[in-house]
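To keep things clear, I will list the structure first and then write my remarks on it.
Protein chains in written order, with the numbering used here: chain Y, 32 to 199; chain X, 3 to 427.
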């Protein structure tokens, strides 16, 4: 989300933990070419750390045996990879057709006011980040919000208020 | 009006679990499958008239027939579960509620086309769905339906789930293949078609989830039983997703060929809040809009949609009530397609951006009549001048709104900022 042009360095070396390491080794056997592991490895990294750092890009490239630029290219092309840390709760609001028709704007406006951030930003305490995203494939239960990957359907301000209270 | 072929097991408690699914007939066709020759399976599917359920509606059996013989290369099956066309939300029901029906379909298809490796490409946003799917695949491996000997037969089959990460364009066949290969999802020029040179340069068949999931029924009951549903040229049933301004939005399985307005009325509860109908998008956001008058005569099948100069698409029906501002709807559409352009072809990358700037200017009340004409002209100059159809997925619907609701665009121009303001209230 937001600026996708820069990689951030943590200054610490990166490597997969035991669980991700095992999963990486399981998956790599499934592909005839190692570069197919670029997307899965980026996912494993994001699951582990919540985002993808400069060190992680270098590690993935090294692990697969490819150029870091190829990994970076995918990390920037695909919008779900985060190149900097998100809030503890990353809130995605669908902005596309069916959600738009069912007033997704009321959801965005409410979140903007309650959390005090614009879409594309993170709250100062690091608790929330907000993003407007393209169609989430839950059009029959619009409007829909996804928080840390979990879907919340048929949202309205009342439901959202209860949900935020839970998270707070 | 509803029928339960694909959705037969959707309401069964724990129907996604292998044990329960088997009690209700899952994997019942496997022994029959291996008693047949692959060509006989292809023939049965071709006779059923099953057409690709991803949006293009290409006959599935015919597609399989394009595979070259004796290349010495492996044949791959890629199952398209990207489901990224706005207003489309059908396949995920299969993934979550009856994944074993799809896995059985994968076995059937793989045997027919002689493939031993399947990749299921699922969109990254489907987080809980990917877990459900992987759990079902693990169960199928455990029970011996996948692996070195499928159900004890001399046939090896590996199934791997590959997650996308947020890119509409990866629903395009070759964008999908690029993504599996670990690249940006930029579609390839065709020919060669994937059946000849697809994944890793090898012959590859790409089928939508719903197409694959339709196979067990066809194999078990036969092509004739499938053709009982639908019309002569559009046979079978389809999972329709109805969204927008209806009382009861949702996913409904219906035979093809039903009158659209009757479905909106009787199945989806009609236009919500007692309002009047303004338009219907018949098959996902890229299909040209129908006016209420046009909607009166259209039926839910490939032929009728084509006769009405629109497309059946993905079965994602969007109902628009009388309050919808078509100019702003078009802004929402162009924003989406511009955002999702992969950037490979200049007409799409630059053209959709230009269209977005113009429509924003019109929405602000600063547009001129020449801007509306320019939008129209841009549509003509972008469409079919790119590697894939993403740009056309934007220009085709935009042109339909510009033509059928031109007065709304003109009103934004003639009344200037006042229209824009009034619309904001």
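Idealized CB from N, CA, C, for every residue including glycine.
This one's a predicted model, so the numbers in the text were calculated from it and none came from an experiment.
Sequence-distant residues of the same chain with beta carbon closer than 7 Å to residue i, five excluded per side
i: residue 116/Y; result: 81, 82
i: residue 218/X; result: 31, 103, 106, 107, 110
i: residue 182/Y; result: 169, 175
i: residue 386/X; result: 394
i: residue 188/Y; result: 137, 141
i: residue 194/Y; result: 183
i: residue 88/X; result: 286, 287, 338
Counted within 10 angstroms of its Cβ, other Cβ atoms place residue i as buried (16 or more) or exposed
i: residue 233/X; result: buried
i: residue 194/X; result: exposed
i: residue 230/X; result: exposed
i: residue 111/Y; result: buried
i: residue 213/X; result: buried
i: residue 84/Y; result: buried
i: residue 50/Y; result: exposed
i: residue 371/X; result: exposed
i: residue 98/Y; result: exposed
Contact with chain Y by residue i, beta-carbon distance below 9 Å
i: residue 253/X; result: yes
i: residue 342/X; result: yes
i: residue 167/X; result: yes
i: residue 7/X; result: no
i: residue 213/X; result: no
i: residue 427/X; result: In this predicted model, residue 427/X has a pLDDT of only 47, less than 50, meaning its place in the structure is not dependable; the value taken from the coordinates is given anyway. Output row for residue 427/X: interface = no.
i: residue 186/X; result: yes
i: residue 76/X; result: yes
i: residue 98/X; result: no
i: residue 247/X; result: yes
i: residue 306/X; result: no
i: residue 181/X; result: yes
i: residue 130/X; result: yes
i: residue 85/X; result: yes
i: residue 21/X; result: no
i: residue 126/X; result: yes
i: residue 331/X; result: yes
i: residue 322/X; result: yes
i: residue 110/X; result: no
i: residue 94/X; result: yes
i: residue 208/X; result: no
i: residue 361/X; result: no
Pairwise C-alpha distance: residue j and residue i
i: residue 284/X; j: residue 292/X; result: 7 Å
i: residue 235/X; j: residue 51/X; result: 7 Å
i: residue 350/X; j: residue 189/X; result: 13 Å
i: residue 326/X; j: residue 417/X; result: 18 Å
i: residue 274/X; j: residue 245/X; result: 11 Å
i: residue 136/Y; j: residue 398/X; result: 26 Å
i: residue 39/Y; j: residue 114/Y; result: 7 Å
i: residue 143/X; j: residue 150/X; result: 9 Å
i: residue 129/X; j: residue 11/X; result: 22 Å
i: residue 414/X; j: residue 9/X; result: 45 Å
i: residue 143/Y; j: residue 180/Y; result: 20 Å
i: residue 191/X; j: residue 105/Y; result: 20 Å
i: residue 47/Y; j: residue 127/X; result: 23 Å
i: residue 36/X; j: residue 220/X; result: 15 Å
Sequence-distant residues of the same chain with beta carbon closer than 8 Å to residue i, five excluded per side
i: residue 361/X; result: 329, 332, 333, 336, 377
i: residue 356/X; result: 380
Beta-carbon contacts of residue i that lie in its chain and below 6 Å, excluding the five residues immediately before and after
i: residue 131/X; result: 94, 97, 98
i: residue 63/X; result: 44, 47, 48
i: residue 173/X; result: 84, 86
i: residue 160/Y; result: 117, 118, 121, 153
i: residue 239/X; result: 5, 7, 231, 255, 257
Chain X residues whose Cβ lies nearer than 8 Å to that of residue i
i: residue 110/Y; result: 167, 168, 169
i: residue 150/Y; result: By Cβ distance, chain X contributes nothing, its closest Cβ being about 13 Å from residue 150/Y, past 8 Å.
i: residue 127/Y; result: 88, 287, 334, 338
i: residue 212/Y; result: Nothing about residue 212/Y can be read from this structure; chain Y reaches only from 32 to 199.
Beta carbon proximity, residue i to chain X, threshold 9 Å
i: residue 33/Y; result: With a pLDDT of 45 at residue 33/Y, under the threshold of 50, the modelled position of this residue cannot be trusted; read the value that follows with caution. Chain X, which has no Cβ nearer than 9 Å to the Cβ of residue 33/Y, makes this no.
i: residue 182/Y; result: yes
i: residue 97/Y; result: yes
i: residue 104/Y; result: yes
i: residue 194/Y; result: no
Residue i beta carbon near the ligand ADP (any heavy atom closer than 8 Å)
i: residue 138/Y; result: As far as ligands go, the structure on display features none, and thus does not contain the ligand ADP.
7 Å Cβ cut-off: residues of chain Y touching residue i
i: residue 202/X; result: 63, 64
i: residue 243/X; result: 170, 171
Cross-chain neighbours of residue i in chain Y, by beta carbon under 9 Å
i: residue 162/X; result: 58, 61, 62
i: residue 190/X; result: Within chain Y, no residue comes near residue 190/X; the closest Cβ sits about 16 Å away, beyond 9 Å.
i: residue 455/X; result: Absent from the model: residue 455/X. The displayed extent of chain X is 3 to 427, so no value can be given.
Chain X contact residues for residue i, given Cβ-Cβ distances below 7 Å
i: residue 186/Y; result: Here the premise fails: no neighbours, minimum Cβ distance about 14 Å.
Chain Y residues whose Cβ lies nearer than 8 Å to that of residue i
i: residue 318/X; result: 170
i: residue 91/X; result: 168, 169, 170, 171
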